[in-house]
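Please read the structure below before turning to the comments.
Numbering (mature numbering (1 follows the signal peptide of the UniProt record, and there is no 0)), first residue to last: -28 to -1, 1 to 157.
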């Protein structure tokens, strides 16, 4: 149930757009996710990640969270939270403005599959990670965030968008240090 990184989603969307334009006899369709994503205001995010996890736990009691994503879907921000117990993996989409749970699903874990739980009390907030990432990227605004464990360490992966330019910044969610900065032009 691992979700594709923002760059892969963008590449896929652009490829679909080109194929669609070709199949329509060369009619040009202009779609740019980086630009449209940057136009969705982060002021629409009313729910923080801890409150979103509480909503997840109302749906799935006794399930430990292993990943939190926040990104745009359409013209709004949506959390996708996933977690697991000993037998199943669960996920829920939660509107970041209204707090409404819009989609839930569960599936059986594959044999031997293990998840590493997140301890939100030991991780910096999305807002803190965003400030660090925007500073590391030098220009732009955070538009997509993922918190997950990387070799036992909670890491925020922040997609900072500046016009056509997208920068992925990984931030250690415990010590606040920048792990990596990758720019796509």
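The beta-carbon is built from N, C-alpha and C at its ideal position, and this holds for glycine as well.
These numbers come from a predicted model, not from an experiment.
query: Between the segment 93 to 101 and the segment 23 to 39, do three or more beta carbon pairs fall short of 8 Å?; result: no
query: Under 8 Å, do residue 153 and residue 109 count as touching if we go by C-beta distance?; result: yes
query: Who are the near neighbours of residue 111 in its chain, counting only those whose CB is closer than 7 Å to its CB and skipping five residues on each side?; result: 134
query: What is the residue span of the beta strand (DSSP E) that residue 37 lies within?; result: 36 to 45
query: For a test of the three-state rule: what should DSSP assign to residue 49, helix, strand or coil?; result: strand
query: On the DSSP letters alone, give me the boundaries of the beta strand (DSSP E) that residue 129 sits inside.; result: 125 to 134
query: Under 8 Å between the Cβ atoms of residue 178 and residue 61?; result: Coverage of the chain is limited to positions -28 through 157, which leaves residue 178 absent and any answer about it impossible.
query: On the criterion of 16 or more Cβ atoms from any shown chain inside 10 Å, does residue 1 qualify as buried, or is it exposed?; result: The predicted position of residue 1 is uncertain, since its pLDDT is 35 and thus under 50; a value taken from the coordinates is nonetheless stated next. Its Cβ having fewer than 16 others within 10 Å, residue 1 is exposed.
query: Beta-carbon within less than 7 Å of residue 146's beta-carbon, same chain only, minus the 5 sequence neighbours each way: which residues are those?; result: 94, 95, 125, 126
query: Could you pull the DSSP bridge partners for residue 119 from this structure?; result: 40, 128
query: Alpha carbon to alpha carbon, how far is residue 10 from residue 150?; result: Because residue 10 sits at a pLDDT of 46, beneath the cut-off of 50, its placement in the model cannot be relied upon, and the point is left open.
query: Helix, strand or coil for residue 73, going by three-state DSSP, please let me know.; result: strand
query: Which residues bound the alpha helix (DSSP H) around residue 104?; result: 98 to 109
query: Just to confirm my understanding: we take residue 142, look at its own chain, exclude 5 residues before and 5 after, and list those with CB closer than 6 Å. What are they?; result: 127, 129, 151, 152
query: Does DSSP put residue 137 in a helix, a strand or coil?; result: strand
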